[in-house]
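Below: one structure, written as structure tokens.
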Amino acid sequence: DTGVSQDPRHKITKRGQNVTFRCDPISEHNRLYWYRQTLGQGPEFLTYFQNEAQLEKSRLLSDRFSAERPKGSFSTLEIQRTEQGDSAMYLCASSLVVSLGGYEQYFGPGTRLTVT
Amino acid sequence: AQSVTQLDSHVSVSEGTPVLLRCNYSSSYSPSLFWYVQHPNKGLQLLLKYTSAATLVKGINGFEAEFKKSETSFHLTKPSAHMSDAAEYFCVVSDAGFQKLVFGTGTRLLVSP
Chain A
1 DTGVSQDPRH
11 KITKRGQNVT
21 FRCDPISEHN
31 RLYWYRQTLG
41 QGPEFLTYFQ
51 NEAQLEKSRL
61 LSDRFSAERP
71 KGSFSTLEIQ
81 RTEQGDSAMY
91 LCASSLVVSL
101 GGYEQYFGPG
111 TRLTVT
Chain R
1001 AQSVTQLDSH
1011 VSVSEGTPVL
1021 LRCNYSSSYS
1031 PSLFWYVQHP
1041 NKGLQLLLKY
1051 TSAATLVKGI
1061 NGFEAEFKKS
1071 ETSFHLTKPS
1081 AHMSDAAEYF
1091 CVVSDAGFQK
1101 LVFGTGTRLL
1111 VSP
């Protein structure tokens, strides 16, 4: 399968702990996005990368959140000092953006975070 | 700012009957619109997209949607529902630079035998 993969699929952590999620995009895709989805809601944009450069961050992304995409391949999303409000599904998506189109975003299965 | 409003949180149909999921959008420019489907414990899957070409867009699994600028709508339809269509459906608009997607709150489609 050559789709977007995310690891782990589920994470349970205690309040105050740090967690890190990984996303592997479709190999030739130059953009990578992170979204967060809470129960009963649609996904909300967090941040995105064009190759290795992080170009936009939502105000939802507090200082406790950091994302990286070294070498423009996989990405990691770290949450420090987790809070119960961080409990959500964290979705990663990738796309190949070229001048004449190709803007579909392909989503991974998500990482479900539960903070106890 | 761009936004979409999904007019129904739940839609129930019988297998073999038509499906209509309603979506209105708000955008200050000519939008790109999408419908995604999310099955339980599965990732979001793109059903179809509108990007200023033909206003009637055909997608996968027999779904289609019509872009109506005068009504600012992008409703999703299917002539005959199948049990496997039961899922959460999201209407989505892209921002001007395609940097991010803005999702609606979703419509849960229930299909009964």
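Protein chains in written order, with this note's numbering: chain A, 1 to 116; chain R, 1001 to 1113.
The beta-carbon is built from N, C-alpha and C at its ideal position, and this holds for glycine as well.
Pull the bridge partners of residue i from the DSSP assignment, please.
i	result
V97 (chain A)	V97 (chain A) pairs with nothing; no bridge assigned.
D24 (chain A)	A:S5
Q50 (chain A)	A:R31 and A:A53
Y1036 (chain R)	R:L1046 and R:F1090
L1109 (chain R)	R:V1011 and R:A1087
Q37 (chain A)	A:M89
Y1029 (chain R)	According to DSSP, Y1029 (chain R) bridges with nothing at all.
I believe residue i touches residue j by the beta-carbon criterion, under 8 angstroms. Please report the beta-carbon distance rounded to the nearest angstrom.
i	j	result
L1048 (chain R)	V1057 (chain R)	5 angstroms
L91 (chain A)	K11 (chain A)	Between K11 (chain A) and L91 (chain A) the Cβ distance is about 14 angstroms, and since that is not below 8 angstroms, they are no contact.
F45 (chain A)	L1101 (chain R)	7 angstroms
P4 (chain A)	G108 (chain A)	Sequence inspection shows Val at residue 4 (chain A); the Pro mentioned does not correspond to that position. That pair is a contact at about 4 angstroms.
G1104 (chain R)	V1011 (chain R)	With 8 angstroms as the limit, G1104 (chain R) and V1011 (chain R) do not qualify as a contact, their Cβ atoms being about 13 angstroms apart.
Q6 (chain A)	R22 (chain A)	7 angstroms
P1018 (chain R)	K1078 (chain R)	7 angstroms
P1093 (chain R)	V1013 (chain R)	In the sequence as displayed, the identity of residue 1093 (chain R) is Val instead of Pro. At roughly 25 angstroms, the Cβ-Cβ gap does not stay under 8 angstroms, so V1093 (chain R) and V1013 (chain R) are not in contact.
Q1006 (chain R)	T1107 (chain R)	5 angstroms
Starting from residue i and walking both ways along the beta strand (DSSP E), at which residues does that stretch end?
i	result
E1071 (chain R)	It is not in any beta strand (DSSP E) - E1071 (chain R) carries neither H nor E in the DSSP assignment.
I12 (chain A)	H10 to T13
E78 (chain A)	S75 to I79
L1047 (chain R)	L1044 to Y1050
T1055 (chain R)	Note, T1055 (chain R): premise wrong, no beta strand (DSSP E); not H, not E.
A1001 (chain R)	Counting along the chain, A1001 (chain R) falls outside any beta strand (DSSP E), and DSSP gives it neither H nor E.
H1010 (chain R)	H1010 to S1014
N1024 (chain R)	C1023 to S1026
T114 (chain A)	T111 to V115
A1081 (chain R)	Unbroken run through A1081 (chain R): none, as it is neither H nor E.
F1103 (chain R)	L1101 to F1103
C68 (chain A)	For clarity, residue 68 (chain A) is Glu in the given sequence; the question names Cys instead. From DSSP, the beta strand (DSSP E) with E68 (chain A) extends over F65 to E68.
If the cut-off is 9 angstroms on Cβ atoms, which residues from the segment 91-111 of chain A count as contacting chain R, listed in chain order? L91, A93, S95, V97, G101, Y103, E104, Q105, Y106, F107, G108, P109 and G110
For the segment 1058-1087 of chain R, enumerate the residues whose C-beta is nearer than 9 angstroms to any C-beta of chain A, in chain order. none
Say whether the segment 37-55 of chain A touches the segment 70-85 of chain A, bearing in mind that this needs 3 or more beta-carbon pairs closer than 8 angstroms, one atom from each stretch. yes
Segment contact flag, the segment 83-98 of chain A with the segment 1022-1031 of chain R, C-beta cutoff 8 angstroms, min 3 pairs: no
Which residues, taken in chain order from the segment 69-92 of chain A, show a beta carbon closer than 8 angstroms to some beta carbon of chain R? L91
For the segment 33-45 of chain A, which residues have a CB atom closer than 9 angstroms to at least one CB atom of chain R, in sequence order? Y33, Y35, Q37, G40, Q41, G42, P43, E44 and F45
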